[in-house]
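The end of the sequence shown is residue 252 by our numbering, with every number in the run present. Think of the CB as a built atom: it goes at the ideal place given N, C-alpha and C, for glycine as much as any other residue. A short worksheet on the structure shown next.
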Amino acid sequence: ISKNIENISKAKLFKIKKKYDLLDNIFLKVLRNNSSDMGEIFFKMFNSSPKTAINFLSNKSNFLEDLEIILKMPKWKFLKELF
170 ISKNIENISK AKLFKIKKKY DLLDNIFLKV LRNNSSDMGE IFFKMFNSSP KTAINFLSNK
230 SNFLEDLEII LKMPKWKFLK ELF
């Protein structure tokens, strides 16, 4: 038990970068408020490069991958959720 307690206290906490926190919050709002469009949104996301979509959803994407995904999304639905 004492070894496990030491390992827990030494473990690094997983932190999400602010960029991903913002994008995740917007994405979740869009899905919550447009649930009937979820299929279309995910289809557009995975349409050209599944690897890029998985990187984006796993918080491992770079700027160009972020931009590729963002440009495929329905702009108005996402812009509405910013405000």
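Contact belief for residue i with residue j at Cβ below 8 Å, rounded distance in angstroms
i	j	result
K249	N216	With a Cβ gap of about 22 Å, K249 and N216 do not count as contacting.
I195	F252	Actually they do not touch by this definition, with Cβ atoms about 11 Å apart.
T221	S230	7 Å
Residue i and residue j closer than 9 Å at C-beta
i	j	result
M207	I238	no
As assigned by DSSP and simplified to three states, the class of residue i
i	result
E250	coil
M207	helix
K241	helix
N216	coil
N231	coil
K187	helix
Any chain B beta carbon closer than 9 Å to residue i
i	result
N202	No chain B is part of this structure, which consists of one protein chain only.
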